[in-house]
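Trainee: According to our numbering, the residues represented by the sequence shown are 1386 to 1556, in order. Quick one: the structure is below, questions incoming.
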Amino acid sequence: MEQLHLPFEIIISDIDEQIDHENDLVKEIEKLSYQKAEAVYRLENDALVIGSDTIVKIGNEALGKPHTIEEAREMLRKLSGKTHEVVTAVTILYQGKAETFSSITEVTFYPLTEEEIDGYISTNEPFDKAGAYAIQGDAAKFIRSIHGDYYTIVGLPIAELYQRLKKYFMD
């Protein structure tokens, strides 16, 4: 948000971030972004509120944030040498109106050795990151290619958000 040069305040919503893996994962992540925005909007209904959430999707499986070393190791093994999608959903709530969109970026990892996986896990970076990695951190060295918006992978598609916010601030 700092890159957009707009004033902002971070308010953490207290929603249950569970998704139904039986449903379409993109729709589920969009629902979460809406629920996060709505929880804050109820408290700050005179503000423009942005809620977002990100998942890593490999096939039909969503990789959330690992809770244990073994979960992180398992996720990184699944990503090793393969292409996956990162989906970031964003909801904008303002003056009683809601707008939700998703940005999807493909990411391909180089094959990872067990030593690389263990070394990366030892940085503690995989925890609190969807798919057990942060492209803007030490995991950058594992990325073979990306197809799409880099900032979607980071967790907020800045350019698309800016284009959508223009109608609120520049009309």
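Glycine included, each C-beta is placed from N, C-alpha and C at the ideal position.
With a CB to CB cut of under 7 Å and the five nearest residues on each side skipped, what residues in its chain are close to H1515?
Mentor: At residue 1515 the sequence reads Ala, which differs from the His that was named. Taken in chain order, the residues that qualify are T1439, I1440, V1441, L1448, G1449, K1450.
Trainee: Do I1506 and I1454 count as a contact pair if the criterion is CB distance below 7 Å?
Mentor: In contact: I1454 and I1506 (Cβ atoms closer than 7 Å).
Trainee: What are the boundary residues of the alpha helix (DSSP H) that includes Y1419?
Mentor: Y1419 -> alpha helix (DSSP H) spans 1410-1426.
Trainee: CB-CB under 6 Å to V1411, same chain, minus the five flanking residues each way: which ones, in chain order?
Mentor: Closer than 6 Å at Cβ, skipping near neighbours: V1472, S1487.
Trainee: Please report the residue range of the beta strand (DSSP E) in which T1537 lies.
Mentor: Looking at the DSSP string, T1537 is not in any beta strand (DSSP E); the run it does join, the alpha helix (DSSP H), is 1535-1539.
Trainee: Hey, could you find the ends of the beta strand (DSSP E) F1494 is sitting in?
Mentor: Residues 1482-1494.
Trainee: Taking contact to mean 3 or more Cβ pairs, one atom from each stretch, closer than 8 Å, check whether the stretch 1419-1435 and the stretch 1494-1501 are in contact.
Mentor: Judged by Cβ distances under 8 Å, the stretch 1419-1435 makes no contact with the stretch 1494-1501, as fewer than three pairs qualify.
Trainee: When burial is assigned at 16 or more other CB atoms within 10 Å of the CB, is A1519 buried or exposed?
Mentor: Buried, because 16 or more other Cβ atoms sit within 10 Å of the Cβ of A1519.
Trainee: Does the Cβ of L1391 have 16 or more other Cβ atoms within 10 Å, making it buried, or fewer, making it exposed?
Mentor: Its Cβ having fewer than 16 others within 10 Å, L1391 is exposed.
Trainee: Which stretch, first to last residue, makes up the alpha helix (DSSP H) that contains G1352?
Mentor: With the chain represented from 1386 up to 1556, any question about residue 1352 goes unanswered, as that position is not in the structure.
Trainee: Tell me, which residues are paired with T1453 by DSSP?
Mentor: BP columns for T1453 are empty, so no partner.
Trainee: From the DSSP secondary-structure annotation, give me the bridge partner or partners of D1438.
Mentor: Beta-bridge pairing links D1438 to A1474.
Trainee: What are the partner residues of A1447, as DSSP defines its beta bridges?
Mentor: DSSP lists K1442 as partners of A1447.
Trainee: Would you list the residues sitting across from I1528 in a DSSP beta bridge?
Mentor: Per DSSP, F1494.
Trainee: Can you look up Y1518 in the DSSP assignment and give me helix, strand or coil?
Mentor: Coil.
Trainee: At what residues does the alpha helix (DSSP H) containing K1551 begin and finish?
Mentor: Per DSSP, K1551 belongs to the alpha helix (DSSP H) from 1543-1554.
Trainee: Since A1422 and T1476 are thought to touch, with beta carbons under 8 Å apart, how far apart are those beta carbons, to the nearest angstrom?
Mentor: Yes, they are in contact, since the Cβ atoms of A1422 and T1476 sit about 4 Å apart, within 8 Å.
Trainee: S1530 to E1501, Cα distance in whole Å?
Mentor: C-alpha separation (whole angstroms): 18 Å.
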